[in-house]
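Protein chains in written order, with my numbering: chain H, 1 to 763; chain W, 1 to 283.
Note that CB positions come from ideal geometry on N, CA and C, so glycine has one too.
Every value quoted in this text rests on a predicted model; they were computed, and no experiment measured them.
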């Protein structure tokens, strides 16, 4: 008997270590079948219509009212109330909002209370002069009956910039310094409740607690006891999902976290990109109610503007200007879709995240699992992540699709990890047809193992003669030297540091540094460093030693804070074009990744004078392009057919039509559709402060048909991928600066680079 | 009957562990060394041929052998010398604890110190500069030159010397005092006492220390990797660097073939050492 107990205890101890950690319960983990029985039931997303004019509401607030109806207050659509959970909407008159619309007042925030009271933060109105006073925030409060009055909140160094209502319809505000205040609706007086220490992204309320989601994490305030509390589980769970600070520095507002009260005063529902979770304040668990991956919650392009709990345990989430979604529980479908696709990338890829979300919504019967080697929150190094991936691949448990950015695509191809997708690619016709020059650049003996979802184009902008004369690195150096004669001082190309010169020139050269066998082409490397040295030294000749030193110091500080590191390598042509327009440099070279983000600026600057022109930029590589988000299907894909379907979806117009930050679409029809400006994006303007403090502004218009045709010509002529050997590029970046500034001869630098790369290449 | 086979019960747990975690995986490695990495196709001795023709492998083998040949005699000799000196002191126990100190320092801290000492702006360059011993043109990044090998040797000696001294001391203290005193009474000097009495009695310990030091020499990769990454200066590029990089590049076929070769060499060396130490085990 004793022996039996010992065995039992030992087994319990052993198995105890295998449990789920941290108390986070995941629907997907629970969803695995036990004893052959599949777990059933999950929330499904249903699209509902927005109130009329809601698609133009850049500022909105959604609230479940005390009478059980749902209300949306939008700066364009006004107040709309629905008593059937968002099926139909009834408009209510809001006189103060109509007045704002008439005066074209710029509203920066709106808040709606359960009682029906509303509040707004706004900045002056366009009728008034643009004085400094008019640019500060003003506030308005309207009670449940719609009686509006200005809220005289005291002026502070850090103004209150957003307002929220608690469950008791009392008003709260957040200052730019991270402090949260209770605001007296009658006289605007403030009572400081807590300091979050960061910029507050959103507030959530229960009858007892105020929860602030800020760039520093989650802060809690007990409204009953008047004390600041901590909820480590909630804070860790939310912050674990942050690769960047909440609400700051993101490309979209997808990182917004919304919280509303659940069935009790200490229960909250939290909605963010991971999904919708239930949490008891102070409790140890975060219960997943809705998986973000299976719904629009995980879509990086869908900002979240409001969350409400409806009757029958249903939820409503407002995605401003896009749609309103209701989440309804269906107990007859599996908790996790039976079919699964796994896609892996080393770091999070925005385009893939977008694709996963879109595909998931179209195929609710399939679970698309997006795995990242380096999530940014676990301290995983690149090498460790690759080792883990390789272990999975070798054990036959690898992903179905691989994003090869940062991975050794050629190695995976040689080892037989990647499947030939040429049949799939060749079958893409009509609206699905891809730019043949891009596809052919990845074709090897008829086979295609991976393809980029987007691509960037190296371009040059400057005087027409100069642009026409530049055909390679040598002619670029020649043109620059001749321009230096005309401009003895100041910048020509904008390369103030050796690193900038190497990175930018390497864009259109690095793939020429190795021969067909993968060995270093010493001649090409010598030519690169020789011309890069000429270019850097010609550039430096326009500045004094002090100016260069100051710039280098500022440059290093700027890049030391660059999180993505991408800016290092993909030197941006449009940013340089702006400097040309401002007269701060003469020529602009770099990569162009999109219409509204880059090319429109280049075509606008070129259109400012007859003497300016732009074109494809060739270095040691002629007609090159920069592939972005290269994807391949693995040979060991568990469901090859499903993986192929997802692969085709990645290149479909549905995804390719979107303006994504990575680069231009490879789908030809999607590329052609960029010729016409999307509604509301025909023109924009940019204003920057010059070196001497003066403001420079430029009205950017969408590229003309003629300009677009020129872009298309450059795009279809680009037939060589500018992907170099990463180890060799690293060696050039480490040794190259000494060759450029003259501390080392070019020959010695080439020798040192070859020596450093020798082991890697020999392996 | 039970008593006769009781040794099996003692042996079984460790044998089971070694079989499951070492022998069976190694058999799988042997199998993989004849197959392609991912597709698992039969490749004959192709992987072995590729390994022997690989320049990186040749460099790694050369460096590893060189490292072992330099470090082992240095460590064993210095350790023995220090142990003999310490054995003469009464406060030997205190010194023994002091020698074990390097083993208690985490590798990450050691690496940090190495970087502070041997980098271009490090303490060593600072000291050389103060002594006006720096060559013209400023300091040297010792980890980026041929000196990196000697930094690694120093690191290995520093880390393992204490342990070796303790082992030698245990051996020395186990030699009966009477034997040494008798030798001295017979007119033997210090040198004769050492070579004719003490050293022959340390033969068993020498075997243990040599095998342990040999195996420990492979552990120096941890410091080398943390200091200089996957691609250090060529003088300190060891077999472990190559294995690590092959795994990252999914060259598991070459890695398996190289591992089998390395395993065979290690086994041969250990058997050889055993043979040298005990030429007639049946005696």
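Between residue i and chain H, is the shortest Cβ-Cβ distance under 7 Å, so that the two count as touching?
{"i": "residue 12 (chain W)", "result": "no"}
{"i": "residue 147 (chain W)", "result": "no"}
{"i": "residue 237 (chain W)", "result": "yes"}
{"i": "residue 39 (chain W)", "result": "yes"}
{"i": "residue 231 (chain W)", "result": "yes"}
{"i": "residue 56 (chain W)", "result": "yes"}
Would you say residue i faces chain W, with C-beta separation under 7 Å as the test?
{"i": "residue 561 (chain H)", "result": "Because residue 561 (chain H) sits at a pLDDT of 46, beneath the cut-off of 50, its placement in the model cannot be relied upon, and the following sentence gives the value as read from the coordinates. Chain W contact via Cβ: absent."}
{"i": "residue 752 (chain H)", "result": "no"}
{"i": "residue 390 (chain H)", "result": "yes"}
{"i": "residue 760 (chain H)", "result": "yes"}
{"i": "residue 9 (chain H)", "result": "Its pLDDT being 46, under 50, residue 9 (chain H) is placed unreliably in this model, and the value from its coordinates should be taken loosely. Closer than 7 Å: no."}
{"i": "residue 415 (chain H)", "result": "yes"}
{"i": "residue 565 (chain H)", "result": "Low confidence applies here, because residue 565 (chain H) scores a pLDDT of 45, under 50, leaving its location unreliable and the question unanswered by this model."}
{"i": "residue 382 (chain H)", "result": "no"}
{"i": "residue 763 (chain H)", "result": "yes"}
{"i": "residue 253 (chain H)", "result": "Below a pLDDT of 50, predicted positions are generally treated as unreliable, and residue 253 (chain H), at 43, falls in that range; the measurement from the model is reported next regardless. Chain W, which has no Cβ nearer than 7 Å to the Cβ of residue 253 (chain H), makes this no."}
{"i": "residue 744 (chain H)", "result": "no"}
{"i": "residue 128 (chain H)", "result": "Since pLDDT at residue 128 (chain H) reaches only 46, below the 50 mark, its modelled position is unreliable, and no value is offered."}
{"i": "residue 749 (chain H)", "result": "no"}
For a contact defined as C-beta to C-beta under 9 Å, what are the partners of residue i on chain W?
{"i": "residue 387 (chain H)", "result": "244, 247, 248"}
{"i": "residue 796 (chain H)", "result": "Here chain H covers residues 1 to 763 and nothing more, so residue 796 (chain H) does not appear."}
{"i": "residue 525 (chain H)", "result": "What residue 525 (chain H) touches in chain W: nothing, since even the nearest Cβ is about 18 Å away."}
How about residue i and residue j: are their beta carbons less than 7 Å apart?
{"i": "residue 380 (chain H)", "j": "residue 374 (chain H)", "result": "yes"}
{"i": "residue 630 (chain H)", "j": "residue 452 (chain H)", "result": "yes"}
{"i": "residue 498 (chain H)", "j": "residue 737 (chain H)", "result": "yes"}
{"i": "residue 117 (chain H)", "j": "residue 110 (chain H)", "result": "no"}
{"i": "residue 345 (chain H)", "j": "residue 299 (chain H)", "result": "no"}
{"i": "residue 505 (chain H)", "j": "residue 477 (chain H)", "result": "no"}
{"i": "residue 258 (chain H)", "j": "residue 307 (chain H)", "result": "yes"}
{"i": "residue 75 (chain H)", "j": "residue 55 (chain H)", "result": "no"}
{"i": "residue 599 (chain H)", "j": "residue 669 (chain H)", "result": "no"}
{"i": "residue 227 (chain W)", "j": "residue 143 (chain W)", "result": "yes"}
Using a cut-off of 7 Å between C-beta atoms, extract the partners of residue i located in chain W.
{"i": "residue 411 (chain H)", "result": "249, 250"}
{"i": "residue 408 (chain H)", "result": "249"}
Against residue i, what residues of chain H qualify as contacts under a CB-to-CB distance less than 8 Å, listed in chain order?
{"i": "residue 59 (chain W)", "result": "759, 762"}
{"i": "residue 234 (chain W)", "result": "755, 758, 759"}
Quick one: does the C-beta of residue i sit closer than 6 Å to a heavy atom of the ligand HEM?
{"i": "residue 262 (chain H)", "result": "This structure lacks the ligand HEM; in fact it carries no ligand of any kind."}
Notebook entry, point to check: At a Cβ cut of 7 Å, what residues of the region 417–450 of chain H count as close to chain W, listed as they run along the chain?
Noted result: 417
Examine the Cβ distances between the region 37–57 of chain W and the region 253–261 of chain W and report whether three or more of them are shorter than 8 Å. These segments touch.
inquiry  = I'd like to know if the region 531–551 of chain H and the region 479–494 of chain H are in contact, where contact means that at least 3 CB-CB pairs between them fall below 8 Å.
reply    = yes
Worksheet item: Can at least three beta-carbon pairs, one atom from the region 223–242 of chain W and one from the region 141–148 of chain W, be found at a separation below 8 Å?
Response: yes
Would you call the region 201–212 of chain W in contact with the region 71–88 of chain W, where contact means no fewer than 3 C-beta pairs closer than 8 Å? yes
Would the region 611–624 of chain H and the region 717–729 of chain H be scored as touching if the rule is three or more Cβ pairs under 8 Å? Judged by Cβ distances under 8 Å, the region 611–624 of chain H makes contact with the region 717–729 of chain H, as three or more pairs qualify.
May I ask you to list, following chain order, the residues of the region 392–404 of chain H that have a beta carbon less than 7 Å from some beta carbon of chain W? 393, 394
query = Touch check for the region 185–197 of chain W and the region 114–129 of chain W: three-plus C-beta pairs under 8 Å?
reply = no
Cβ contact (3+ pairs, closer than 8 Å) linking the region 222–233 of chain H and the region 202–211 of chain H | yes
So, do the region 101–112 of chain W and the region 170–182 of chain W have three or more beta carbon pairs nearer to each other than 8 Å?
-> no
Okay, do the region 545–552 of chain H and the region 25–32 of chain W touch, 3+ Cβ pairs below 8 Å being the bar? no
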